[in-house]
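Protein chains in written order, with this note's numbering: chain X, 22 to 474; chain D, 22 to 474; chain P, 2 to 517; chain B, 2 to 517.
Glycine is no exception: its CB is placed at the ideal position from the N, C-alpha and C atoms.
Written out below as structure tokens is the structure these notes cover.
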Ligand SMILES: Cc1ncc(COP(=O)(O)O)c(C=O)c1O
Ligand SMILES: Cc1ncc(COP(=O)(O)O)c(C=O)c1O
């Protein structure tokens, strides 16, 4: 069995002697007899390193891995982008991997500066002034955004566009039970959010926030200008869940007057990873900074006047504010943020634009090919960027299963809420910069077979 | 195309201006027109990182990889040992990977100390007093050993046991053309070296060295005591090519009176790697240190008296001694030596013994199983440790081909020189600590089929 | 925008091509010159790039053919413009400005900064685990589901609970999940309105009260007694039928085992409350005793503490929550489940509180923990607890008479000393001890927590440090205590930067490079 | 055995359990305390271990059942006894005591320490390349053979040669291989006995003369002229029919292009000699001119210089040798070959000099170089040469008037300055400049080589360093030259150790820990 405890028997004996004990069991004498576990854990004995590796390989072999077994056209907040070698080689250096939260800034300038750079780029992408050092994922970033807005406005109602990722909305709903927020579902019309018209919302319980996704879950580009207008009209904050790749081409939510912009940072440096660890991106305007959830790194100087970085405005945080904290988050996703800034640094200004452009090109090409298939129609008419939804003549989940037999992960089967008629025939298809014309053509051919069966 | 040159057009223009040139071509004005390459290289245009990765993956997919496609029973100086994760994680940290030879010791203590530790363990394994910082591979270590012995004794004849790896003997022969050494082939009898009897060798041209492999190419454990006796009798130096894993169980060559011990260090931390980079281990007695080839790290102190390491006795080396140097080696295999010391550190005293013991157990078990097959006989009677040779009723290379169809790399087909009767029916089989009983049983079953066809 | 760049030669105003700092210059640490490390933005030069993209053969439509003008940004978003060489050198140098477990001991109380085996890194980086889409159909994720079910069952065995959710991505998320389970339980029993308070000890970690608020409850703080444990009498006084439950850490944040836990459990259950176990300190009791056996109803674990998920400079972690049978129907879903036919699928608990994560939790962190448990096994896990507790008690003995030890009795995996005496005697504060320790080659303990101890230094050696490392740590702490305060105020002097002006950071907030 | 251990607390004589040093204590660099880094042996404690082994089910015979007593060692070979934690921390700390290209510029003349793209690391670590046995039958190595053939053909195209061997594992090995090819050629022409001398310039690298000796030839040194190039007249004087050949580096080790190369080639060929090209400086001329076109018969390349194989702290590299058609039949074998049916196999040249490597050369290094060439392509390789030469010329201009530049004319990828003037003026030697540069965050240039320049500093920036890095390097070199010698003698002060006593190392040789 692999053993990671250094103590030899002689050392254990010497240490016990030092503290005046004669056996290891005596270390636990303070634990009432009745509570002690007789006979130890019912967990299999330990294995050697090689055996663990074999076990893990066996488990890994029974999954369908993108690249190895499947060509991926699934997205929905989890995208199959290329991760350059530099990310694996530098972001995961053990100094970053095995450090704790930077409580001692003098010996944590590495992580702190990387986070400062990450915060800077997040703000540049989203058009915001402050960004935190990360939250758990896209969903938790939405929850924190809603909490911030409710606290800032003193209004507990949040209008949530149905274009927001359904699973993120489920998470919002779960946590709203604790905070008592009143979440109002705002429908989509032909792919984009149909906000309540003039007059509604200004009444008895006006919204504290509007939450919209950009582009939304169907891949459609929401009209943020319109949303901003509704927000101004109702006195609500505009919260935008933004695809950070999309803004390589699209105007930033900040440009449109968003107050808080959140996002799922997985596309930058993080493989699909079966859904985690991912990266909750969170940014807002400067006047909201004192309500910012999570950690914030700021620049300062040391006693010799040398530039230095430190976590700041800590009085927002749970360890100091306790029950009055702006959030309960403590451990976040720092390492994933470091991977993101390394990947972003590799992409650079031109590269991020090109990445988005290549996604958009592939999406256009794939959309034309798929809509060319008999019986397949667009699910929404609104313009898309890097993902699109179609209605199939067959149940979408079945189509996905059948496409898998062809070595293709066809997309994500949409729930009935997205197909007007209540059937589950919607398929969400994402195309990244990795997809070649040949793969897209093969996709269309396979899908045609599947739907015409 | 991936571009690793940072210069922007503006920067290039500015730099050219600084040096008073108006075009890049002018940089090469000193090169006679007639010698300039018109139209550039006939080499395909560059590819993106992702395309290079795809190309490499394609190439890699068309090989038979041990673990992935094959169960390995081939050895012959290249063994399929487990490499623990720590080797990949720490030995290949970029500070070790991207440093040059430690010419500036003040900023190279990392590599220098690692080499000092490597030298220490090499000496402990081989029972020697000094070891160098590595040579290219087992063969080059043999060549350098012969050169050292000839220089030390002033005798140009080297008796080379036929038990030495045939490819190493070929390399010895290649370089002997330059040095003018006279290599005398010493035959094996029933698996071990039959040194010329009393009387021969003391005559006209006495040997400057005896070179024997331990265990030898057939896996047989040579009688080093006997070899040492012949060496003493003839006034030659005893050079031993030693399997560094075997000495986890076997007495060290130093114990037996060897003067120089060399070896192939691949088993420590280096995958099969299609034969390289491997690790030439070289150690000798202290009185031969001034003839030591290659780099030697020594301990010293800095101006403040703090312990420090530095390459020493450099006057042996080519950059100082030039045509009188003890060797021409400059770049060696330092990184592979670092991987070796990390793996050895992980194994530790008990682990190295256990590794050797497990190889020996698997070999015993496999040998019994294989010799239980009709028509298969031992090629040699002498005792073996971790590798053994058998004679098949069919041509060995054909048997290897057929076994490959069963997903087994059956071993190495031995040349006719090892089968008394001149046929090539000898098969060399190695069993490492990785091989399970089930794999060995499957091997025997498959081999039985193959030879009985 | 003022900026101390790397050397005057770098800053030729107006010279466009000089916009970038020197990416090839090592900075700010030994081997690395004396300058500050420039940022990615300082290193940027217009038009420089590292990225390259696959040849796909897809038609090369222009942006304006693909996106309507009102949506298209007129300028590319400014990110950075650096070469791969400068990018790599920059982050490699930053790594040399970062202390970590892999460099030395990290006795940061409550954080369990043990060494994380490298085999776990590799197990969690297999393409068959990393390259799996979270929305893939069950037929394509059988391996993942099996791993998660196996992990869930093992964690239940380790905690003595019945069922668990692996979704919470960290401890605090686990806490909130647990509190929502509490809420759902009481609501289902028709007491949703009447149960308003959650009790936490004054020694509790900050996330506990913060989570209580987010769970929609009011915090009632119960004092610790002179032994450093929950004052049972005081607890009984605040127990009533409006109490939803109590959150405890056991061993608590003083590293002391709550010996009265059985009595506490009985009292809380008596008024219909539930017991929540904050598992941050689980490392101390692995295989020795289990929260379930103590009477806890809800347990969260910090896999990034107990089960060797490296902390990543602040995360990611994983905070699974395990519960007793009666709470299982309320767990978040979907849950990985073993189906009757032996295959694996998703299952939605009947009265589930719903999702708490975008997908299935921090899956790769869960895979690391799984591999750590497989490697250690039941026997190994108990040894982990034994050595963690041995190290901590040994060190407490060594520090006796040097530092005040407010609760000087057998501790579990960690213990708390106070620098209050030192401060009185020679002006040495807990922070000074911490900074001096950095100079000596160790990370500092947790300081000023728990709040109930003045000038607290919370020390958790963990089981992976050897006796010899303990000796060196003890020697350093002893020397520091004997040292001169003026000297200590100068510390740290060997780190890439010296004491950082935290007040200034808050006063003139510079949250981004552009805000300079 | 005296030994400065890591702190008194570690060294309790006689206390067995204290035999080990503190593995968890960061040492010897910022972030890392002030102590020396203990060795693996200082960290060892009897009975401690990291290793574990697979369960195989093979019968567990004891050693004495497997090995005869006369062969069995009575004590296990002492290696080390450390935990994985201490092992990892030890080597991680050692890496923090090591400068590298990934930390900063490395203008080490003649070594071409360019940045090595990370994609090459990954290409060369694919299991389909790393886990292949070198003796596997050709049917199982088609990918490897295809890669090697492709690389060989590309290298021939780059050098303008006809065929190549990839076996030589380094430059020096390539040189000796080339000299043996020379020998074989002359022997085959019946001149084996009469051809005795090989000419090399006085500026040649040390491996050249050393290889000549091992090749069985005598060295004749030809002087360089005032331009720093081969003195053609002098060369003609030593040319005769006993000359086997000449070894040249072009550009030479002064970074200057040998403009008379065509004339030299003609003269050497006239007396029946062969021209050997030492390819260490090939980076300067990629895609611009080719040794083959200059008239060379034999060319070695240092893939670890020109083609971005990282140098590994001293190796491994790869030193392929390419030759003109007439020498192809003599190349080492077996050689990877494209067969008529389009598949790949091994081929043994008709008059092969035989093997020069245990197997097929440093295969994984060859794979790295292959991926580097595939990524750059023909166009990219020329750009490499252009930027390498641009950087070097720019820097030479910047150093004019600061350092003596003995050959102050257009150079290629590197140039040599002399500190002789500085030494006379204020006692600053080349070594002092080098040590001061270490403090400034750069690696030092090559010093005291080539031998024909007094107080030589050989500077090769490489193409991967940016203008801004060049600026910083120039600024540092200028500042150092203006600096005070007494101060410079103190340098380096920021490194983990300061100036090392090399004389003592040689005087009291301590080659192993046991020799202390
Ligand atoms: C006692 C205690 N509870 C809860 C937490 C919160 O866990 P996390 O940081 O994973 O959210 C911590 C972690 O610092 C802790 O120490
Ligand atoms: C000019 C020159 N020739 C030959 C060599 C020897 O190459 P290697 O170190 O790969 O043996 C070198 C390397 O330092 C060199 O610079």
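Per-residue DSSP class, three states only, for residue i
i, result
"residue 429(B)", "coil"
"residue 341(X)", "helix"
"residue 277(B)", "strand"
"residue 424(D)", "helix"
"residue 168(P)", "coil"
"residue 469(D)", "helix"
"residue 357(P)", "coil"
Spatial neighbours of residue i in its chain, beta-carbon cut-off 8 Å, leaving aside the 5 residues before and after
i, result
"residue 323(D)", "127 and 329"
"residue 272(B)", "240, 241, 242 and 244"
Burial state of residue i (16 or more Cβ within 10 Å)
i, result
"residue 402(P)", "exposed"
"residue 123(B)", "buried"
"residue 16(B)", "Below a pLDDT of 50, predicted positions are generally treated as unreliable, and residue 16(B), at 43, falls in that range; no measurement from the model is reported."
"residue 341(D)", "exposed"
"residue 70(B)", "exposed"
"residue 239(X)", "buried"
"residue 305(B)", "buried"
"residue 226(D)", "exposed"
Sequence-distant residues of the same chain with beta carbon closer than 7 Å to residue i, five excluded per side
i, result
"residue 120(P)", "372 and 376"
"residue 112(D)", "290, 359, 360 and 363"
"residue 52(D)", "none"
"residue 206(X)", "181 and 183"
"residue 177(X)", "171, 201, 202, 203 and 229"
For residue i: DSSP bridge partner residues
i, result
"residue 182(X)", "207(X)"
"residue 404(B)", "401(B)"
"residue 219(P)", "198(P)"
"residue 346(B)", "338(B)"
Closer than 8 Å between beta carbons: that is the criterion. Which residues of the stretch 482-512 of chain B meet it against chain P? Within the stretch 482-512 of chain B, the qualifying residues are 495, 496 and 497.
Please name the residues in the stretch 109-137 of chain X whose beta-carbon is closer than 7 Å to at least one beta-carbon of chain B, in chain order. Listed by position along the chain: 110, 115 and 128.
Tell me which residues of the stretch 76-95 of chain P have at least one Cβ-Cβ distance to chain B shorter than 7 Å, keeping chain order. Within the stretch 76-95 of chain P, those residues whose Cβ lies closer than 7 Å to any Cβ of chain B are, in chain order, 84, 85, 86, 87, 89, 90, 93 and 94.
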